[in-house]
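Enquirer: My questions will all concern the structure given below.
Protein chains in written order, with this note's numbering: chain A, 47 to 270; chain B, 738 to 1149.
Below, the structure written as structure tokens:
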């Protein structure tokens, strides 16, 4: 599903150049569930952003589902994110003035799905998350766990092939964290590739494979 | 593009920032309001002046006799020039290009009566063509004709107001009845209405000039010669006037350059002057109005910049979910256009409303009439508003489209 080859990435800030990724090689099969671990500043988030076509890379190769991802126009990148990828963030990143249902339906809006239809689909996904009663609540009326479930529903509604989760449990207590991980495992069970960036060990333990990044290099691959 | 979601989004951002949106909208509304008021006042002034020009063909030329002011061929100044039928005839035969020509005699107000009713009205003896030159609107009967002139008929065409004074009562028919002008009986053959708002123009009585000369004067003197210049261009019309002057100067031995020996009133020239003046005023008004609106646009643009900054995170989320740059541009532009268009429309309505109130309650004035912004002005203002909104939204929208999702979504 994902194949990266000698990916390098540097950030240039003024005079200084910060070499964040120093030649990453990684292959992720379709349907895998892996975690990426590393200290802050190790480059794990940068790697996730490159995988999510939110950021570019300097050299190397990246192919997603057989498609070469290299210097895409913003338009094409947006299309690919919309069709192929689903994002889950630590701070949920729900749109504050839209209710749960509208938030979930948002990716379908960018697929030009008519409003009624996409709201109906959003309701199905919310039902799967057990949030039917909360569909018309604004994000600030939901608990952390509920917000993250809304975010997961939103990531899933576009029928993506890969879910990219950046510290999905970072803002949650351990019970809720475990619930969220249950959901992500269920998602993975339907055949969707799940990639989780985390620094929590017990979260990483619940994935099948953990990739440890240190100073921009993959230092360890653990099969859990 | 105009989907209900976007309306909802605009509504929710507007609701969250009521004061900010109000102040922004206010500057735009004020700009449009002022533009409409200015344009309305301009049109009021124009209508007022146009009204002054009513009642007479716009290509009319009136030549009246005066007093010489320059010495010429040993003749003193201050000589009274007296036109006669000969002058009328020689202009009629020599000058080319006119389509209607008439001589006029000024006899002033005369006592006119019918049975026991009487009044003092302005008697205006003239040729049949004067009906065209003055654009007399007949509401009953006919105007003068050649037979009236040739046969010295005692017929009269009276104004509406004259009829109202002399023929009181609803069922009294003026037509065919005989009125007494200075003791001489004239048959009423027509009733006219004059478009001019001037009351005196309505209180006129037209009679054949030949009859008037014979009955009231006993000589062949006339006071004025007037004609319309037909389809002549400005230059051709000026040439016709010059030729008429030369003829009259030769017949009465005065300097052609003497502007007081005869007075020429060229209505077309006056109309032209006023048209140029009002074109200038309108341009000036648009410049000021657009200037005011630009101030409003800058305001909206500024606010939208802040909006984009505040919504950076949301834009980042949208981009991560698959929003194309264009869809982000559309989002911001639409909001800017909606705010400007809505606020501007309120300004438009208020401006037009105020003009309506003013024009309904204003005491009649000679130089100000019906201040109103017509449909084309409203359409132009609307187009202007949408363009203004688009300009106001463009730069913030471009900024929004350039938002980097990685930076926008960074947790801080």
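Backbone N, C-alpha and C fix where the C-beta goes; we use that ideal spot for every residue, glycine too.
Which value, in whole angstroms, describes the spacing of the CA atoms of residue 268 (chain A) and residue 81 (chain A)?
Expert: 10 Å
Enquirer: Could you name the residues of the segment 1057-1079 of chain B whose beta carbon sits closer than 8 Å to any beta carbon of chain A, in the order they occur along the chain?
Expert: 1057, 1058, 1059, 1060, 1061, 1062, 1063 and 1064
Enquirer: Taking only the alpha-carbon atoms, compute the straight-line gap between residue 834 (chain B) and residue 897 (chain B) and give it to the nearest angstrom.
Expert: C-alpha separation (whole angstroms): 33 Å.
Enquirer: Would residue 809 (chain B) and residue 940 (chain B) qualify as a contact pair, given that the criterion is a beta-carbon distance under 8 Å?
Expert: no
Enquirer: Answer yes or no: does any C-beta atom of chain A fall closer than 8 Å to that of residue 1146 (chain B)?
Expert: yes
Enquirer: Three or more beta-carbon pairs under 8 Å between the segment 52-60 of chain A and the segment 202-219 of chain A, yes or no?
Expert: no
Enquirer: Apart from the five residues just before and just after residue 838 (chain B), which ones in its own chain have a Cβ nearer than 6 Å to its Cβ?
Expert: 829, 866 and 964
Enquirer: Which residues of chain A have a Cβ atom closer than 8 Å to the Cβ of residue 741 (chain B), listed in chain order?
Expert: 161
Enquirer: Just mark residue 142 (chain A) as buried or exposed, buried being the case when its beta carbon has 16 or more other beta carbons within 10 Å.
Expert: exposed
Enquirer: If you measure between the beta carbons of residue 930 (chain B) and residue 876 (chain B), is that distance less than 8 Å?
Expert: Taking 8 Å as the Cβ cut-off, residue 930 (chain B) and residue 876 (chain B) qualify as a contacting pair.
Enquirer: From residue 738 (chain B) to residue 159 (chain A), what does the alpha carbon distance come to, in whole angstroms?
Expert: Reliability of the predicted coordinates at residue 738 (chain B) is poor, the pLDDT of 47 falling under 50, and the value obtained from them is presented with this limitation in mind. Approximately 13 Å, taken between the alpha carbons.
Enquirer: Does DSSP put residue 974 (chain B) in a helix, in a strand, or in coil?
Expert: helix
Enquirer: On a CA-only basis, which of A:100, A:61 and A:50 is nearest residue 69 (chain A)? Give me that one, please.
Expert: Per the C-alpha coordinates, the member of A:100, A:61 and A:50 positioned closest to residue 69 (chain A) is A:50.
Enquirer: Measure the C-alpha to C-alpha separation of residue 785 (chain B) and residue 1090 (chain B) and round it to an integer number of angstroms.
Expert: 20 Å
Enquirer: Here's the rule I'm using: 16 or more other beta-carbon atoms within 10 Å means buried, otherwise exposed. How should residue 915 (chain B) be labelled?
Expert: exposed
Enquirer: Any beta-carbon of chain B closer than 8 Å to the one on residue 95 (chain A)?
Expert: yes
Enquirer: Just by C-beta distance, which residues in the segment 165-177 of chain A are closer than 7 Å to chain B?
Expert: So the list is empty, because no residue satisfies the distance condition.
Enquirer: Can you pull the chain A neighbours of residue 1051 (chain B), defined as C-beta to C-beta under 8 Å?
Expert: 141 and 142
Enquirer: Taking the straight line between their C-alpha atoms, what separation do you get for residue 1066 (chain B) and residue 1137 (chain B)?
Expert: 7 Å
Enquirer: How long is the line joining the alpha carbons of residue 1040 (chain B) and residue 220 (chain A), rounded to whole angstroms?
Expert: If you take the alpha carbons of residue 1040 (chain B) and residue 220 (chain A), they lie about 43 Å apart.
Enquirer: Cα-Cα, which of B:957, B:1142 and B:1055 is closest to residue 824 (chain B)?
Expert: It is B:957 whose Cα lies nearest to the Cα of residue 824 (chain B).
Enquirer: Compare the C-beta of residue 1043 (chain B) against all C-beta atoms of chain A and say whether one is closer than 8 Å.
Expert: Closer than 8 Å: no.
Enquirer: Could you tell me whether any Cβ in chain A is nearer than 8 Å to the Cβ of residue 738 (chain B)?
Expert: Because residue 738 (chain B) sits at a pLDDT of 47, beneath the cut-off of 50, its placement in the model cannot be relied upon, and the following sentence gives the value as read from the coordinates. The Cβ of residue 738 (chain B) sits no closer than 8 Å to any Cβ of chain A.
Enquirer: Relative to the C-alpha of residue 962 (chain B), which residue among B:783, B:768 and B:871 is closest?
Expert: B:871
Enquirer: Considering only residues of the same chain and omitting the five flanking positions on each side of residue 233 (chain A), which have a CB-CB separation below 8 Å?
Expert: The beta carbon of residue 233 (chain A) is closer than 8 Å to those of 198, 202, 209 and 240 in its chain, skipping five residues each way along the sequence.
Enquirer: In three-state terms, what does DSSP make of residue 820 (chain B)?
Expert: strand
Enquirer: Take residue 846 (chain B) and list the residues in its own chain whose beta-carbon comes closer than 8 Å to its own, dropping the five residues that flank it on each side.
Expert: 857, 858, 859 and 860
Enquirer: Please list, in chain order, all residues of the same chain as residue 91 (chain A) whose beta carbon is under 7 Å from its beta carbon, the five residues on each side excluded.
Expert: 212 and 243
Enquirer: Taking only three categories from DSSP, how would you classify residue 788 (chain B)?
Expert: In the three-state reduction of the DSSP assignment, residue 788 (chain B) falls in the helix class, which pools H, G and I.
Enquirer: Using a C-beta cutoff of 8 Å, does residue 751 (chain B) count as contacting chain A?
Expert: no
Enquirer: Please classify residue 902 (chain B) as buried or exposed, where buried requires at least 16 neighbouring CB atoms within 10 angstroms.
Expert: buried
Enquirer: In the DSSP assignment, what residue or residues form a beta bridge with residue 101 (chain A)?
Expert: Answer is none; residue 101 (chain A) lacks a bridge partner.
Enquirer: Any idea if residue 1105 (chain B) is buried or exposed, counting beta-carbon neighbours within 10 angstroms, 16 or more meaning buried?
Expert: buried
Enquirer: Do we get a CB-CB distance below 8 Å when we pair residue 1143 (chain B) with the residues of chain A?
Expert: yes
Enquirer: What residues match up with residue 874 (chain B) in a beta bridge as DSSP calls it?
Expert: As a beta-bridge residue in DSSP terms, residue 874 (chain B) pairs with B:930.
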